[in-house]
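Chains A and B, in that order, give the protein sequences. Start counting the first sequence at 820; every next residue gets the next number (my numbering). Start counting the second sequence at 97; every next residue gets the next number (my numbering). The beta carbon of each residue, even a glycine, is placed where N, CA and C say it ideally should be. Only one structure is covered here, and it is reproduced in the block below.
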Amino acid sequence: MNEQKKFDIMNYFSAIRILIAIVISLLLVFVIIFFVSDQPVYAIFKMMVGPLQTKRGLFNVLERATPLIFTALALNVSLRSGVFNIGVDGSFYMGAVIASAFALQVNMPNVIHQIVLITAAGIIGGLINTLPIMIGKYTKIDPTVLAIMFNSIFYFVGLAYVSAFLLQKGGSWGSYYFPDSARLGNLIRGTSMHWGFVIMLFTIVFVIVLMEKSSFGYKVRLTGANPNFAKYVGIKTVLVVIGAQFIGGFIGGMGGAIEMVGMYKRFQWQSQVSYVWDGLLVHMLANENPFFIPITAIFIAYLRVGAEIMSRSARLDPEIVAFLQGIVILLVASERFLYTFKKRHEQKLSLQQAKKAEEKAALEGGNSI
Amino acid sequence: MNYLVSPNFWFSILASTTPVLLATLAANIVSKAGIFNLAIEGTMLICALTGVLVSAFTKSLVLGALAGVFIGIAISYILGYFALIMKGAMNACGVAINLAATGGTVFVLATVTGSKASSSSLVSSTFPNIAVPFIKNIPFAGSILSGHNIITYLAWFFTFLTWFLLYKTKLGQEIRAVGENEETSRSAGINVNLMKFISLAFCGVYSAFGGMYLSMGSLKSFTAGMVAGRGYLSLAMNSISQGNPILGFASSLIYGFAETMTVYLELYSKLNLKLISAFPYIFIIVVLLLVQTIKNNIKKNRKKSLQN
């Protein structure tokens, strides 16, 4: 029995695989920087260490990670039910719109105001995220296509709502300033860390418990892994999938609301924010495990902030991180990446076991005679 | 509503149909081979930039177009390599390419031209507009059908080509067989991956022209994010047309109509501007719902009549 407990590096195969993917794509980005920059070493140094050098940079990373964590958690719940529904983007944007509407058009005392607006944003977000699945269920249209279309629609609807009812006249495009009773207060002085960070921590715990410890999470995962089997053992798969979409969308909408009233003083999102793609990246890098989502989100946010610091000091466009993200997703998504490596190791292991079993059998055989 | 009878209105419908039509054809041919290509959006964007940059530096339209087409096929093959050979999740690979494309084009643009927004500082070639002889002399239809960009005519030709390829040739039959059922086609001796890669090559060519139409046809330069969801729309068009290029052409026309209507409504009505922009998308979803419901009903009736 002891032999099975022996340390085997292959138990960490998925983590190693992701790390190698990250290293490969970082190297590729470094190569690109070497080609286009006049001072490549300085640029790379700034990108990798920049955020650590100032207190501001460090907190920037945490602030930047917050929306990524929310979208990644939202996608974690909704994607693991086995449908590729990215309606969370619409939930996130509309969440921010709903939050702004509640902040500006409803008067309420301090703490209650935030609770109401975040809950409202969450409910709307949840409904938005279930929409593609509901329609897809009855008409058999691909939910991915529907979700992409709905994301555009909700973006324009949200934008129209803000321009029609909340817009401040004169000055740059944006809503009126939020009243203090609606904003999430500062957590640490001298930074823009807000109470949304605390809500985020609770959400992380909630998703971990929901997905990994509760029976609902188990049903979601089972439905995602094999819907026919799930149906066979008596799980109401339709309800489970829709429930997962609603919870995912709820988290997405909440994330949008918290980002809006936490980080900003007024609504100024004039273009599609598209946190969903970054969230997808975080979700995939975390190996679909909510436990790792905060770490990977901070990693991605770190790269983003690093790239921006680099662009300020070395005049390289920060969008270079996009290459890195693309390559990482490609490598992590491909099943066959490092596959032969693992296969060879498994073959070796099973050969060893067979050999041992043979020896054992021979020994026992000898004893019995 | 006077504009409905003006030839300009119908002319701009055909013009705004072109990029979506090309993207739809790209989606059609890969979906017939059983591939769900989210990366059409990114491919178009990359090709739009490639065409502009190469034509600006070589001063040659042909070289720019060739480079665009080459890169289009290359990007499609990157998707094919990771999705088919490395067995990656098709959606995730598409998303990856789109992410790299949206950021990557901005990075390249900023590195080459110094501007993050557009390539207007470069002098790049554009595809010419063509006045079609004989047709241009027909009173009303002439001014609608003639004078389009050469890529528009090319797109019409591609529609026919794709239809002919898919439904009238052995190659097309094999591609469709692969899309219908991979295992059966494999046992019938069809090289499944070869068929998929052939359809991906077509997809790359079509997306490349779709992208280059935007940056070297309807506009004279590349602007960041100029594809603006047309690649994603093509997937919806593909669902409407069920992979048939002729129906794809029809559904792209519907989109062109919706988009042109939007432009005219923005000009002539007092409705909220931002809300009108959602009109094409809502319109497409409604059409999609109708088509799908009708199709489901037909299927149900057929089943019933078979049982009787």
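(1) Name the chain A residues that come within less than 9 Å of LEU385 (chain B), Cβ to Cβ?
(2) Is it true that the CB of ILE1061 (chain A) sits closer than 7 Å to the CB of THR949 (chain A)?
(3) Residues of chain A with a CB under 7 Å from the CB of VAL191 (chain B): which are they?
(4) State the DSSP-derived secondary structure class of THR319 (chain B), mapped to helix, strand or coil.
(5) Under a three-way DSSP split, which group does ASN821 (chain A) fall into?
(6) If you check the beta carbons only, do LEU162 (chain B) and PHE318 (chain B) fall under 7 Å apart?
(7) What do you reckon, are the CB atoms on GLY977 (chain A) and MET913 (chain A) nearer than 7 Å?
(8) Do three or more CB pairs link the segment 114-133 of chain B to the segment 318-334 of chain B at distances below 8 Å?
(9) So which residues on chain B does VAL855 (chain A) lean against when the C-beta distance must stay under 7 Å?
(10) Could you confirm whether any beta carbon from chain B is found closer than 7 Å to the beta carbon of ALA979 (chain A)?
(11) Could you say if the segment 149-156 of chain B and the segment 282-297 of chain B meet the contact criterion of at least three C-beta pairs nearer than 8 Å?
(12) Taking the beta carbon of PHE997 (chain A) as the centre, do at least 16 other beta carbons fall within 10 Å, making it buried, or is it exposed?
(13) Just reading off the alpha helix (DSSP H) that GLU1127 (chain A) is part of, what are its end residues?
(14) Whole alpha helix (DSSP H) runs in the segment 1009-1076 of chain A with 4 or more residues, listed along the chain?
(15) How many Å lie between LEU141 (chain B) and VAL323 (chain B) at the Cα?
(16) If I follow the unbroken alpha helix (DSSP H) through LYS988 (chain A), where does it start and stop?
(17) With 8 Å as the limit, tell me which residues of the segment 1034-1046 of chain A have their beta carbon closer than that to any beta carbon of chain B; keep them in chain order.
(18) Hey, is MET866 (chain A)'s beta-carbon within less than 7 Å of any beta-carbon in chain B?
(19) Which ranges does the beta strand (DSSP E) cover as unbroken runs of at least 3 residues, wholly within the segment 208-232 of chain B, from first to last along the chain?
(20) Only counting the same chain, and skipping five residues up and downstream in sequence, which positions put a Cβ closer than 6 Å to that of GLY1068 (chain A)?
(21) Might you give, ordered along the chain, the residues of its own chain that have their beta carbon closer than 7 Å to the beta carbon of GLY1036 (chain A), omitting 5 neighbours on each side?
(22) Let me check one thing: in DSSP terms, what residues is ASN948 (chain A) bridge-paired to?
(23) Got a sec: is the Cβ-Cβ distance from ASP1136 (chain A) to anything in chain B below 7 Å?
(24) From SER897 (chain A) to THR222 (chain B), what distance separates their C-alpha atoms?
(25) With a threshold of 7 Å between beta carbons, is ALA834 (chain A) in contact with chain B?
(26) What residue range is occupied by the uninterrupted alpha helix (DSSP H) comprising TYR1094 (chain A)?
(27) Does SER127 (chain B) have its Cβ less than 7 Å from a Cβ in chain A?
(28) Output yes if chain A places a C-beta closer than 7 Å to the C-beta of VAL359 (chain B); else output no.
(29) Pull the bridge partners of ASN245 (chain B) from the DSSP assignment, please.
(30) Given a cut-off of 7 Å on the beta-carbon distance, is the pair GLN1064 (chain A) and ILE952 (chain A) in contact?
(31) Under 8 Å Cβ to Cβ from VAL855 (chain A), same chain only, skipping five residues before and after it: list those, please.
(32) So, helix, strand or coil for GLY184 (chain B), using DSSP?
(33) Should PHE230 (chain B) go down as buried or exposed, given a rule of 16 or more other Cβ atoms within 10 Å for buried?
(34) Check ASN970 (chain A) in the structure and name its three-state DSSP category.
(35) Can you give me the C-alpha to C-alpha distance between ILE193 (chain B) and THR1010 (chain A), rounded to a whole angstrom?
Here's the rundown:
(1) Along the second sequence, read from residue 1 onward, the residue named residue 385 (chain B) stands at position 289. Near LEU385 (chain B) (Cβ distances below 9 Å), the residues of chain A are ILE954, THR958, ILE960.
(2) Mapped onto the first sequence, residue 949 (chain A) falls at position 130. Mapped onto the first sequence, residue 1061 (chain A) falls at position 242. Yes. Within cutoff.
(3) Along the second sequence, one-based indexing puts residue 191 (chain B) at 95. Per Cβ cutoff of 7 Å: TRP1096, LEU1099, ILE1148.
(4) Translated into the one-based positions of the second sequence, residue 319 (chain B) becomes position 223. Residue state, collapsed to three classes: strand.
(5) Locating residue 821 (chain A) in the first sequence gives position 2, where the first residue counts as 1. Confidence is the limiting factor: at ASN821 (chain A) the pLDDT is only 48, short of 50, which leaves the residue's position unreliable, though a coordinate-based value still follows. In this structure, ASN821 (chain A) counts as helix in the three-state DSSP scheme.
(6) In the second sequence, counting from the first residue as 1, residue 162 (chain B) sits at position 66. In the second sequence, counting from the first residue as 1, residue 318 (chain B) sits at position 222. No, these two residues do not count as a Cβ contact at 7 Å.
(7) As a first step, residue 977 (chain A) is located in the first sequence; it is residue number 158 there, counting from the start. As a first step, residue 913 (chain A) is located in the first sequence; it is residue number 94 there, counting from the start. Contact flag set, yes.
(8) yes
(9) As a first step, residue 855 (chain A) is located in the first sequence; it is residue number 36 there, counting from the start. In chain order: THR207.
(10) By 1-based counting over the first sequence, the position of residue 979 (chain A) is 160. Chain B, which has a Cβ nearer than 7 Å to the Cβ of ALA979 (chain A), makes this yes.
(11) no
(12) Within the first sequence, residue 997 (chain A) is the residue found at index 178, counting from 1. It is buried - the Cβ of PHE997 (chain A) has at least 16 other Cβ atoms within 10 Å.
(13) Residue mapping note: residue 1127 (chain A) aligns to position 308 of the first sequence, counting from 1. That run of the alpha helix (DSSP H) goes 1112-1133.
(14) 1015-1027, 1034-1044, 1046-1051
(15) What you label residue 141 (chain B) is simply residue 45 of the second sequence in a count that begins at 1. What you label residue 323 (chain B) is simply residue 227 of the second sequence in a count that begins at 1. Cα-Cα distance, rounded: 6 Å.
(16) For the purposes of this step, residue 988 (chain A) is taken as residue 169 along the first sequence, with counting starting at 1. No alpha helix (DSSP H) holds LYS988 (chain A); DSSP gives it neither H nor E.
(17) none
(18) Taking the first residue of the first sequence as position 1, residue 866 (chain A) is located at position 47. No, no contact with chain B.
(19) none
(20) Taking the first residue of the first sequence as position 1, residue 1068 (chain A) is located at position 249. Counting only residues of its own chain and dropping the five nearest sequence neighbours on each side, GLY1068 (chain A) has a CB closer than 6 Å to the CB of SER910, GLY944, GLY945, ILE947, ASN948.
(21) By one-based count along the first sequence, residue 1036 (chain A) stands at place 217. Cβ within range, chain order: LEU1029, MET1030.
(22) Looking up residue 948 (chain A) in the first sequence gives position 129. According to DSSP, which records beta bridges pairwise, ASN948 (chain A) is partnered with nothing at all.
(23) Within the first sequence, residue 1136 (chain A) is the residue found at index 317, counting from 1. For ASP1136 (chain A), the nearest beta carbon of chain B is closer than 7 Å to its own beta carbon.
(24) The count along the first sequence starts at 1 and reaches residue 897 (chain A) at position 78. The count along the second sequence starts at 1 and reaches residue 222 (chain B) at position 126. Cα to Cα, SER897 (chain A) sits roughly 45 Å from THR222 (chain B).
(25) Sequence index remark: in the first sequence, residue 834 (chain A) carries index 15 (1-based). No, because no Cβ of chain B sits closer than 7 Å to the Cβ of ALA834 (chain A).
(26) Indexing the first sequence from 1 puts residue 1094 (chain A) at position 275. 1094-1104 is the span of the alpha helix (DSSP H), which, as asked, contains TYR1094 (chain A).
(27) Position 31 of the second sequence, counted from the first residue, corresponds to residue 127 (chain B). No, its Cβ sits nowhere closer than 7 Å to a Cβ of chain A.
(28) The sequence position of residue 359 (chain B) within the second sequence is 263, counting from 1. No Cβ of chain A is located within less than 7 Å of the beta carbon of VAL359 (chain B).
(29) Within the second sequence, numbered from 1, the residue matching residue 245 (chain B) stands at position 149. According to DSSP, ASN245 (chain B) bridges with B:ASN225.
(30) The residue you call residue 1064 (chain A) lines up with position 245 of the first sequence. The residue you call residue 952 (chain A) lines up with position 133 of the first sequence. Contact flag set, yes.
(31) Here residue 855 (chain A) refers to the residue found at position 36 of the first sequence. Answer for VAL855 (chain A): LEU1135, listed in chain order.
(32) The sequence position of residue 184 (chain B) within the second sequence is 88, counting from 1. Strand, per DSSP.
(33) Residue mapping note: residue 230 (chain B) aligns to position 134 of the second sequence, counting from 1. That one is exposed.
(34) Here residue 970 (chain A) is taken as the residue at index 151 of the first sequence, counted from 1. Of the three classes helix, strand and coil, the one that applies to ASN970 (chain A) here is helix, per DSSP.
(35) Here residue 193 (chain B) refers to the residue found at position 97 when the second sequence is read from its first residue. Here residue 1010 (chain A) refers to the residue found at position 191 when the first sequence is read from its first residue. Their Cα atoms are separated by approximately 35 Å.
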